[in-house]
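Accompanying notes for the structure given below.
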Amino acid sequence: MEPMDISKTFDPTQIEKKWYAYWMERHYFVPAEETDIKPFTILIPPPNVTGILHMGHVLNNTLQDVIVRYYRMLGKPTLWLPGVDHAGIATQNMVEKQLADQGLDRHILGRDKLVELIWQWKHEKGDRIIEQLKQLGCSCDWSRQRFTMDEMLSRAVKEVFVSLYEEGLIYKGKYIINWCPRCVTALANDEVEHDDEDGKLWHIRYPEVDGEGHVVVATTRPETVLGDTAVAVNPRDERYRHLIGKDLHLPLTGRRIPVVSDDYVDMGFGTGCVKVTPAHDPNDFEIGRRHDLPQLLVMDEHGIMNATAGHEFEGMERYACRRKVVEMLAAQDLLEKVETHKHSVGHCYRCDTVIEPYLSDQWFVAMKPLGERAIEVVESGEVKFYPERWTKVYMHWMHNIRDWCISRQIWWGHRIPAYYCLACDHMIVAKKMPHTCPRCQGSSFRQDEDVLDTWFSSWLWPFSTMGWPDETEDLKRFLPTDVLITAPEIIYLWVARMIMSTLKFRGVIPFHTVLLHGTVRDEIGRKMSKSLGNSPDPIDIIESVGADALRFSMVFSTPKGADVFYSDAMLETGRNFANKIWNAYRFIMMNAEQVAGLPAKDKLVMELADRWIYSRLQQVISESREHYEALRLNDAGQCLFQFIWDEFCSWYIELAKDRLYQSDDAGKRLTVKYILLDVMQTAMRLLHPIMPFITEEIWQSVKMLFPMPEESLIIAAYPEADSSLIDLAIADEMALVQESITAIRNLRKQVNLSPASEIEITIKVSDDRQNRLFQQYHAYLNKLARVNQAYVGTTLSKPPQSIGAVVRNVEFYMHLSGLVDIVAEKERLGKQMEKLTKELTAIQNKLANDNFVQHAKAEVVDKERAKLAEVNTKANLLRQQMENLG
RNA sequence: GGGUGAUUAGCUCAGUUGGUUAGAGCGCUACGUUGACAUCGUAGAGGUCACUGGUUCGAGUCCAGUAUCUCCCA
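Taken in order, the first sequence gives residues 312 to 1197; the numbers are from my numbering.
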């Protein structure tokens, strides 16, 4: 390759397509067969089939890909198992919306036709998000891609349902659900939108049966009085204790209802008496259960009052009924008062109708028996959460676990495998439609109309995707998997349930580690959402700055599971970094043309900077390994960013230039060329998990010049640190040089000397080692601080007309040529003196404090003393300089 | 209402078992086209660590309370 053909800025589009195709052709993402090495496995949280890639997916899948690629490089057979979720309600809604545009609705179409339409849609457009994940660089094993409605997964769903039913852990019962009377359908919790509204609070009198008194209850929905079956008070409430167990007259109905005691009642709210309507309020439903109260449904599925409400109200719309109830109460002097009241009201997300809590037949899973083992495995540490604090959230939910309502009144999903005999209504739960009714010998059946909650297929993901209930090779090999990476919002919905199901049906944990990451927000902290329009399209970003830049920015900005604040500035971090790497590569290639016969590593003529960069490289290798393994991906990113940008580019490459351009020693030139290629190549491997495309591109191209086997692949190994190359003495010397260069640059700045002007420096060192160091490497000062002439010695003193700085115990004096602004300089020094004095006082006070000297650890005290000496030296120098200025 | 977490520079965040002059990136200011990179370089300014009390020789760090906010569940 002609080096000058390499473009000045990094152009990702071409190379991303090229290398993804290359990886696919070579089956990189398929775990190696025939090996005894324990594989590394990650299950994807399956995105919705309707989904298009958003920033949340980018974060989630980038983190997974980084980890998977890291373990692949460690030589493990690695499986990232991908798939898509059928997302019952969301998908059906989307297709129904399309129908609506054509003036159709599902009732006209019928169930079979609608389901057929959705499948058709899935085949045509459903897997768009999969293509987008590929653009992001995700290294999933696409040959194992699953869909929650696949035959394989449906089999598992039926198997589990039937098995839990037979064990008595699935049952049919009554439950309060959110019901939209206009759409005539049940709504999931997340389909109900809550708004705070100004409503009214009606205070109603319920007369006592024995005695003259009454209690007052407050309600926002007076029509539900008709369905009351009790009044509840708090057992500790002195005001009402005498009423517990007594009866009240329920207004307008002629019924008598008891007073019950329940902890749920808030003594401080309203009058402390609560009317209980078990069939029309979720909290009342729970109270009703505890006290075995009747559940009276007083309206029908359209929100029209029924016969149970009483003949005066039957047939009335719910709000008309509300008005009539209020009128009648007032007429009977049972209305104590009416207040305005702000409260939260649930609305149908589709039609905005006020939802009605509604009692209906539903299917449940009894969760308590499944929860016990799931608690144990987290307590014992078999399953760990990162960050750890989520363990508490998980435990809290598990200890208060409730039965899971798994039926949904929609059409898209796994239909409940329960069949009813048309002749005698006998119910049979079975994997297939039965032939004969065991009770009446009838032979015609209808299947339950409901489908299962989408999570009922997702919770089986760890083994349903691997072919269970068959004992497949994949099951034996890949379960338990290793790390699950997901958002904390679905700890309950998904993570906990997978732990329970996998323990129940496989007897093992599904994964040993759960990594929870934050939410992607916009610059002002809002969640990214379609409706706010604050979510950029990741594909646009990839097309403009590249997947690597996006990936790096995401990884870099997601510390310890905290939220990610997406902004253009944040994206620039990755874009600039990719460009920086690209230009370092470009520079190296420009100078690498003739590096044909490189010297063997042990024949290299290495000097300070060379030994230093190798030493640092080894440390960075170890650190990055530790970070990747501890799942601190942002730390891995930061550590590599800092090494490549600051240490390799800003220091090493800059120092290498002298030898490349000016040295007439061929051995020196060869050494530096070798090291540039070697460090670059190693750094590309370190960074490959985070930025796979650019690192592969550079790897492949450097490989042609660098002495390594032609077939060696970037993924073939994650570098291992060679501790023999770590040299702390060298590191210390280099640090001194670096600090010195910074100090000299500062001196320049202080007197406003242009960085281009050449200067003379007197360096007073305090020992021979330092003397040798500065004699030998004054070229470094020349290159990076434009020190034209350096006088080094142990006995030198401050030259006239100079300003000084101290680094450790080395004094630097920059020779001035009479260009200094005396007044400004004095002011600056005065300010510095003030700061030093303050610090000095603090240390002296500390050391004068007997308590400190006696109680603190010896090393802390020693450190304090050393500091005192250092600060004193600085102060003396400063004083001298101030005197010099007159 | 129950639970959980947070509060450090203009912004986003580090700060490991209490022990430097509380750090980084971005932004801002000044200067700079030094033969990879202006998507760059060098330097600078900027903080009562939310508030109140406590423990300690010593608190951003530990404890209690207050305030404000986040998220999950109801």
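Ideal placement from N, C-alpha and C gives every residue a C-beta, glycine not left out. No experiment lies behind these values; they were computed from the predicted model shown.
Between the CA atoms of K1149 and M917 - distance to the nearest angstrom:
Rounded to the nearest angstrom, the two C-alpha atoms are 45 Å apart.
Out of H560, E784, L604, state which residue places its alpha-carbon closest to the alpha-carbon of E523.
Among H560, E784, L604, the Cα nearest to that of E523 is on H560.
Exposure label - V1171; buried when at least 16 CB within 10 Å:
Result: exposed.
When the Cα atoms are used, what is the spatial distance from E647 to K586?
Their Cα atoms are separated by approximately 15 Å.
On the three-pair Cβ rule with 8 Å, is the segment 978-989 touching the segment 369-384?
Contact between the segment 978-989 and the segment 369-384 is not established, with fewer than three Cβ pairs separated by less than 8 Å.
W513 and V649: beta carbons closer than 7 Å?
Yes; because the gap between Cβ atoms is below 7 Å, this pair is in contact.
Do A618 and V576 have their CB atoms nearer than 7 Å?
Not a contact, by the Cβ cut-off of 7 Å.
Look at E693 and I515 and say whether their C-beta atoms are less than 7 Å apart.
Cβ atoms of E693 and I515: not closer than 7 Å.
I'd like the span of the beta strand (DSSP E) that includes L354, first residue to last.
DSSP places L354 in the uninterrupted beta strand (DSSP E) bounded by 351-354.
What does DSSP give as the partner residue(s) for L512 in the beta ladder?
BP columns for L512 point to E650.
So L1047 and L998 are supposed to be a Cβ contact under 8 Å. How far apart are they, rounded?
Wrong, their Cβ atoms sit about 29 Å apart, outside the cutoff.
Nearest to G394 (by Cα), restricted to the options I419, L428, K436, M460:
Among I419, L428, K436, M460, the Cα nearest to that of G394 belongs to M460.
Local conformation of S718 per DSSP, three classes
S718: strand per DSSP, three-state reduction.
Per-residue burial, Q409 [other beta carbons within 10 Å of its own, 16 or more giving buried]
Within 10 angstroms of the beta-carbon of Q409 lie fewer than 16 other beta-carbons, which makes it exposed.
Which value, in whole angstroms, describes the spacing of the CA atoms of V520 and E597?
Answer to the nearest angstrom: the Cα atoms are 26 Å apart.
Contact under 7 Å by Cβ, I440 with G362:
Taking 7 Å as the cut-off, the Cβ atoms of I440 and G362 count as close.
Once you ignore the five residues that flank F472 on each side, which residues in its own chain have a CB closer than 6 Å to its CB?
P728.
Local conformation of A1028 per DSSP, three classes
Secondary structure of A1028 (DSSP, three-state): coil.
Considering just the uninterrupted stretch of the beta strand (DSSP E) at H397, what are its terminal residues?
Judged by DSSP secondary structure, H397 falls outside any beta strand (DSSP E); it is assigned neither H nor E.
Counting Cβ pairs, one atom from each stretch, are 3 or more of them under 8 Å apart for the segment 1066-1080 and the segment 950-961?
With a cut-off of 8 Å, the segment 950-961 and the segment 1066-1080 do not count as touching, because too few Cβ pairs lie within range.
I1198 to R337 span [Cα, whole Å]:
A question about residue 1198 goes unanswered here, because the residues of the chain that appear run from 312 up to 1197.
Buried or exposed for V866, going by 16 or more other Cβ atoms inside 10 Å?
Residue environment for V866: buried (at least 16 other C-beta atoms within 10 angstroms of its C-beta).
Within a Cβ cutoff of 8 Å, which residues of the same chain sit near L944, ignoring the five residues on either side of it in sequence?
Taken in chain order, the residues that qualify are L374, V377, I378, V866, T869, H938, I1001.
Classify E1050 as helix, strand or coil using the three-state DSSP reduction.
DSSP places E1050 in helix when its eight states are reduced to three.
Does DSSP classify Y333 as helix, strand or coil?
Helix.
What first and last residue would you give for the alpha helix (DSSP H) that runs through K635?
For K635, the uninterrupted alpha helix (DSSP H) segment begins and ends at 629-642.
Per DSSP, what kind of secondary structure is H658 in: helix, strand or coil?
H658 falls in the strand class under three-state DSSP.
Indicate whether I721 and G399 have their beta-carbon atoms separated by less than 7 Å.
Against a cut-off of 7 Å, the Cβ pair of G399 and I721 comes out as a contact.
Spell out the partners DSSP gives F876 in its beta bridges.
Looking at the DSSP output, F876 shares a beta bridge with R832.
Under 7 Å between C-beta atoms of S855 and T884:
Against a cut-off of 7 Å, the Cβ pair of T884 and S855 comes out as no contact.
Presumed contact (8 Å Cβ cut-off) between A641 and L814, rounded CB distance
The beta-carbon separation of A641 and L814, rounded to 59 Å, does not stay under the 8 Å limit for a contact.
Considering only DSSP beta bridges, list what G1104 is partnered with.
K1075, per the DSSP bridge assignment.
Let me know the secondary structure DSSP gives E523 once reduced to three states.
If DSSP states are grouped into helix, strand and coil, E523 belongs with coil.
Residue interval of the alpha helix (DSSP H) (run including I802):
Note, I802: premise wrong, no alpha helix (DSSP H); not H, not E.
If we ignore side chains and look at the alpha-carbon of each, how far apart do P749 and E478 end up?
Each residue's Cα considered, the two are about 19 Å apart.
What is the rounded straight-line gap between the Cα of Q1027 and the Cα of R380?
Looking at the sequence shown, residue 1027 is not Gln but Ala. Each residue's alpha carbon lies about 11 Å from the other.
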